[in-house]
Every structure is written in C-alpha cells, then in structure tokens.
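**Student:** For what it's worth, my numbering labels the leading residue of the sequence shown as 37, then goes sequentially.
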Amino acid sequence: MNILTSILIVALSLFLSACTEAPKPHAMPPSAVAIEPVTVGAHHDKTLYLGTIKSRKSVTLSPNIEGNITEINVTAGQLVTTGQKIMKIDSLMQTAQTNAVAAQADSVESDLETAKATLKSLNSTLHSKQSQVEYTKTQHDRYVKLCAEGAVSQSDLDNWKNNMLAAIADRDSTLEQIEAQKMTIQKIDRSHKQAISSWQAQKEQLKYYSITAPFAGMIGDIPVKVGDHVTSSTALTTLTENHPLECYIAIPAEKASLMHMGMDVELVSTEGQDFGNSKVMFISPTVDSSSQTVLVKTIFPNSKNELRADQAVRAQFIWETTAGISVPTKAVSQIGGKYFVFLAQRDGDKLFAKQTEIEVGEIEGASYYVRSGLKATDRIITTGIQRLADGAPITDKVEMAEKAEANPPGSTKSTH
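(1) If we ignore side chains and look at the alpha-carbon of each, how far apart do G308 and Q391 end up?
(2) Skipping 5 residues on each side, what residues in its chain have a beta carbon closer than 8 Å to that of E393?
(3) Measuring straight from C-alpha to C-alpha, what distance separates Q453 and A153?
(4) Does the Cβ-Cβ distance between Y245 and Q130 come in under 8 Å?
(5) When the Cα of G360 is compared with those of A412, G312, V316 and Q140, which residue comes out closest?
(6) Tell me the start and end of each unbroken alpha helix (DSSP H) in the segment 90 to 162 that is at least 4 residues and wholly inside, in chain order.
(7) Return yes when the Cβ of V349 is within less than 8 Å of the Cβ of I105, no when it is not.
(8) Check this for me: beta carbons of D281 and S91, under 8 Å apart or not?
(9) I need the boundaries of the beta strand (DSSP E) containing T306, first residue and last residue.
(10) Do F251 and K93 count as a contact pair if the criterion is CB distance below 8 Å?
(11) Can you give me the Cβ contacts of N100 inside the same chain, cut-off strictly under 7 Å, excluding the 5 residues immediately before and after it?
(12) Does DSSP classify T172 as helix, strand or coil?
(13) Mind the definition here: the segment 144 to 160 touches the segment 204 to 224 only if three or more C-beta pairs lie below 8 Å; say whether that holds.
(14) Quick one, which of L424, K386 and Y405 has its alpha-carbon nearest V76's?
(15) Compare the C-alpha of R382 against each of T358, D414, I399 and V396 and name the closest.
(16) Which of helix, strand or coil does DSSP assign to T270?
(17) To which residues does DSSP link N313 through a beta bridge?
(18) When we look at the beta-carbon of R407 and count the other beta-carbons within 10 Å, is it buried (16 or more) or exposed?
(19) Exposed or buried, which one is L303 when buried takes at least 16 other CB atoms within 10 Å?
(20) What is the DSSP secondary structure of E212, reduced to helix, strand or coil?
(21) Spatial neighbours of G298 within its chain, please: CB distance less than 7 Å, with the 5 preceding and 5 following residues excluded, ordered by chain position.
(22) Would I416 and L424 qualify as a contact pair, given that the criterion is a beta-carbon distance under 8 Å?
(23) Which same chain residues, not among the five before or five after E441, have their C-beta less than 6 Å away from its C-beta?
(24) Alpha carbon to alpha carbon, how far is V69 from P444? Give it in angstroms, no decimals.
(25) Is L193 buried or exposed, if buried means 16 or more other CB atoms sit within 10 Å of its CB?
(26) With distances taken Cα to Cα, identify the nearest neighbour of L162 among K433, E215 and Q422.
(27) Kindly list the residues whose CB is nearer than 7 Å to the CB of K433, restricted to its own chain and excluding five residues on each side of it in sequence; keep chain order.
(28) Would you kindly report the start and end of the unbroken alpha helix (DSSP H) that includes M436?
(29) Under the rule that 16 or more other beta-carbon atoms within 10 Å means buried, what is A389, buried or exposed?
(30) Nearest-angstrom Cα distance between A203 and T210?
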C-alpha cells in the first residue's frame with residue numbers, strides 16, 4: 037500500500053467517525069421558583085400543658101321549705117345576675133299566715149297608740165291638779181296666819197285644810213293612774229314588739245318560697261318541673277360562677293423556679309382557639325410526690341363567657357423571648373431524620389439552589405423556628421423544592437415577571 041492510499045484511508049475514517057458521532061445532550065432549563073428572605077423576629081421559648089377550668093364558686097340550689105313548684109323562670113345554661121328569680125314555690129298558705137300576723141301586729145300597735153294617748157291626757161290632768169294643790173296649800177297657809185290673828189274663824193281654816201287635802205288626794209290618784217298607765221304601755225309595747233318580730237319572721241319565711249340566685253353565674257341542669265312537690269332535700273338546679281374562672285395546671289417541678297405571681301399564661305382550646313391571657317395567682321409550695329409536678333392556678337376573666345367550669349384547655353407558658361430566624365414549613369424537606377432548605381445563591385448573573393441542612397425547633401403557626409444553619413441575610417426557595425437538587429439552576433419568578441412586564445410580547449425594546 038503506497039503512502040497516498042494510506043492517507044486516503046485515514047481521511048475517510050475520520051470523516052465517517054465525524055458523521056456518526058452522537059449529538060451532545062442539551063442542559064436542563066432553570067426551574068422557576070419563589071424566593072423569600074428568612075423571617076427574623078421574636079422567638080418565644082414556650083411549653084404547652086393541659087389545664088382544667090374551675091369555677092371559684094358553685095352551689096346546688098335546694099329549697100328551705102316544702103311545697104309545689106308554681107314557676108320556673110330560667111333555662112339550663114342561662115346566665116343570671118345576683119338576686120334574679122329562678123323558681124317559685126306555692127306560697128298561698130304562708131302568705132295568708134303572714135297577713136294574719138301582720139293584722140295582729142297592726143291591732144296591737146293601735147292599742148299601743150291608744151294607751152300612749154291616755155297617758156298623755158293623764159299627764160295633762162296632772163298638771164292642772166298640781167296647780168290646784170299649790171293654790172289650796174297657799175290659801176291654807178294664809179288662813180293659818182289669819183286664824184292666829186283672829187281675823188278668820190277656825191271653821192274657815194278647816195275648810196281650806198280640807199280643800200288642800202282633797203286636792204293632794206286627787207293629784208296622788210292621778211299619779212297612780214299615770215304609773216298604772218305606764219305599766220300598761222310597757223305590757224302593750226312588749227306585745228307589739230313580739231307581734232312585729234313574729235311578722236318579720238313570717239315575712240322571712242315567705243322569702244323562701246321564691247328561689248333566687250345568690251350570685252351571678254350560669255344555671256346548670258334543671259331536673260324538676262312545674263307542679264313537682266319539693267322538700268329541703270330536693271336539688272332544684274346548680275349555679276356556677278362563670279367569671280372569673282380559675283385554670284388548674286400541673287407543671288413539672290423543675291419549671292417551678294421559672295414561675296412568678298402575675299405571670300401571663302395563654303389559654304388555648306384543644307382545637308387551637310386562642311381564648312386570651314390568664315394570670316398566675318397561686319403556685320403551690322409543695323411538689324406532688326406521685327407525679328413530681330407543682331400545681332399552678334391562673335385567673336381568667338372570661339368576660340365573653342367562652343369557657344365553662346370543668347372544660348379542658350391547653351395552657352401555654354412563655355419562659356423566654358429572644359430574637360430568632362424562622363422559615364415557612366413548606367420550604368423545609370426532611371431526609372433521613374434531618375431537615376433541609378434550599379438557599380438561592382448567585383453565580384454572576386445566574387442563580388442556583390444550594391441545599392443546606394438546618395436544625396429546627398418547634399412549629400410556630402406555619403413556620404419552623406430555626407435553631408442553627410441559617411443567617412439573617414439568607415434567601416430561601418419556598419416553592420418547587422421537590423424538583424430541585426443541590427446546585428440546580430433556578431430563576432426567580434418575581435424577576436421573571438418584572439422582565440416580562442418591562443418587555444411585553446411584540447415589543448422592539450432591546451434588553452441589551
């Protein structure tokens with residue numbers, strides 16, 4: 037084979053090789069994603085414990101007398117005020133008896149007024165009779181002198197003496213009548229006081245026939261009905277004070293040192309409804325030996341009547357508030373028990389995703405509290421993270437929208 041032939045064969049081989057070489061694959065286009073800065077704000081170190089709502093005052097209402105129910109003025113679950121009428125028991129006989137005692141008291145009072153008027157009249161008579169005694173005594177004394185001088189007879193002196201003695205006797209008789217009348221008044225006055233006392237007792241007894249609320253609260257179940265015969269042992273209903281309420285919470289003994297009186301404790305329903313803050317009003321000085329917990333009581337105003345006695349709630353204690361970083365839960369992926377986010381990083385004019393491991397704390401709303409792994413200046417990818425891999429090219433949806441708005445289709449404006 038000559039040299040020319042060899043050159044032709046090599047050239048033909050290179051040509052054939054170039055014609056049969058497979059085309060290189062195209063690079064994947066960047067993924068359009070949403071990019072957000074991490075959230076920097078206050079972080080609360082908090083713990084939720086189970087609590088039970090307790091009323092500060094609860095009673096079972098029973099009558100003090102026996103009788104038939106004639107009225108029921110409330111319904112179960114109704115809120116009532118202090119003194120509001122709840123039920124009425126037939127009081128016809130008691131009312132009649134009270135009226136009879138009242139009439140007797142009025143009669144005795146009338147007798148007392150008459151006796152006092154008689155005494156007043158006797159005192160007036162006594163005044164005139166005392167004047168008569170003084171006059172006759174003056175005349176008698178004058179006639180004693182005149183008789184001694186022979187100016188009047190002994191008979192005239194005797195007449196004035198008899199007149200004086202008669203006036204004194206008449207006066208003394210009136211004095212006796214006055215003393216007797218005073219004794220009569222004292223006796224009638226005692227009877228009057230007894231009648232008044234008896235009448236007041238009957239009026240008090242009459243109050244028992246009307247069952248009223250001893251304090252403001254909520255009516256419980258009403259097991260009786262109109263027409264039922266009830267006694268002092270019959271439970272008519274229950275009344276529970278509904279505001280304020282107390283919340284009983286058992287917290288671990290090691291947390292007791294972090295508690296203080298007046299501390300805010302947020303009450304939340306088991307479904308997550310926020311009722312508002314209560315305040316610590318009691319911290320037990322002892323530890324429950326069986327559970328190693330400390331009883332804490334908080335006071336809750338319950339002004340909107342959202343809570344009821346014996347209701348289960350969750351009590352949230354905030355132990356410390358610090359500055360921290362949080363990220364949306366949708367931006368976090370979990371792989372092998374570890375947590376990751378994708379950071380949006382720039383290489384020149386291009387963006388790419390960088391997978392970064394983070395340490396997360398509790399969930400606050402729709403965000404994870406991040407204990408470590410991120411900086412306050414980091415920007416994270418919040419959409420499409422399932423399609424991403426470490427180092428994958430990305431584009432910012434917001435930037436793309438801004439460019440599209442600046443260069444609408446058909447525009448001749450150059451972007452260079």
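A virtual CB, placed ideally from N, CA and C, is assigned to each residue, including glycine.
**Tutor:** On the basis of the data shown:
(1) Numbered from 1 along the sequence shown, position 272 holds the residue referred to as residue 308. Numbered from 1 along the sequence shown, position 355 holds the residue referred to as residue 391. Roughly 33 Å between the two C-alpha positions.
(2) In the sequence shown, counting from the first residue as 1, residue 393 sits at position 357. K374, Y375, F376 and G409.
(3) Because the chain is modelled from 37 through 452, residue 453 falls outside the range shown and cannot be assessed.
(4) Residue mapping note: residue 245 aligns to position 209 of the sequence shown, counting from 1. Residue mapping note: residue 130 aligns to position 94 of the sequence shown, counting from 1. Contact flag set, yes.
(5) For the purposes of this step, residue 360 is taken as the residue at position 324 of the sequence shown. Considering only alpha carbons, the answer is A412.
(6) none
(7) Position 69 of the sequence shown holds residue 105. Position 313 of the sequence shown holds residue 349. No, these two residues do not count as a Cβ contact at 8 Å.
(8) Stepping through the sequence shown from its first residue, residue 281 is reached at position 245. Stepping through the sequence shown from its first residue, residue 91 is reached at position 55. Reading the sequence as shown, one finds Leu at residue 281 and not Asp. Taking 8 Å as the Cβ cut-off, L281 and S91 qualify as a contacting pair.
(9) Residue mapping note: residue 306 aligns to position 270 of the sequence shown, counting from 1. Careful: T306 lies outside any beta strand (DSSP E) and carries neither H nor E.
(10) On the sequence shown, position 57 is the one that residue 93 refers to. On the sequence shown, position 215 is the one that residue 251 refers to. Closer than 8 Å, so yes.
(11) Counting from 1 along the sequence shown, the entry for residue 100 is found at position 64. Excluding positions up to five away in sequence, the list reads Y244 and S268.
(12) Here residue 172 corresponds to residue number 136 of the sequence shown, with the count starting at 1. In the structure shown, T172 sits in a helix (DSSP, three-state: H, G or I).
(13) yes
(14) Here residue 76 is taken as the residue at index 40 of the sequence shown, counted from 1. Considering only alpha carbons, the answer is Y405.
(15) Numbered from 1 along the sequence shown, position 346 holds the residue referred to as residue 382. Residue D414 is the option with its Cα nearest to R382.
(16) What you label residue 270 is simply residue 234 of the sequence shown in a count that begins at 1. Reduced to three states, the DSSP call for T270 is coil.
(17) Here residue 313 refers to the residue found at position 277 of the sequence shown. According to DSSP, N313 bridges with E302.
(18) To locate residue 407, count along the sequence shown from 1; it is residue 371. Counting Cβ neighbours within 10 Å, R407 comes out exposed, since fewer than 16 surround it.
(19) Taking the sequence shown and counting its residues from 1, the one referred to as residue 303 is at position 267. Classification for L303: buried.
(20) In the sequence shown, the residue the question calls residue 212 occupies position 176. Helix at E212.
(21) In the sequence shown, counting from the first residue as 1, residue 298 sits at position 262. Excluding positions up to five away in sequence, the list reads K315 and V316.
(22) Here residue 416 refers to the residue found at position 380 of the sequence shown. Here residue 424 refers to the residue found at position 388 of the sequence shown. In this structure, L424 does not lie closer than 8 Å to I416 by Cβ.
(23) Against the sequence shown, residue 441 aligns to sequence position 405. Hits under 6 Å: none found.
(24) Numbered from its first residue, the sequence shown carries residue 444 at position 408. Numbered from its first residue, the sequence shown carries residue 69 at position 33. If I take the Cα positions, the gap works out to 21 Å.
(25) The residue labelled residue 193 in the question sits at position 157 within the sequence shown. Buried is the call here.
(26) Residue numbering aside, residue 162 sits at position 126 when the sequence shown is read from its first letter. Closest option to L162, Cα to Cα, is E215.
(27) In the sequence shown, residue 433 corresponds to position 397, counting from 1. A68, V69 and A70, listed in sequence order.
(28) As a first step, residue 436 is located in the sequence shown; it is residue number 400 there, counting from the start. Element bounds for M436: K433 to A442.
(29) Along the sequence shown, one-based indexing puts residue 389 at 353. Its Cβ being crowded by 16 or more others within 10 Å, A389 is buried.
(30) The residue you call residue 203 lines up with position 167 of the sequence shown. The residue you call residue 210 lines up with position 174 of the sequence shown. Going from the Cα of A203 to the Cα of T210 covers about 11 Å.
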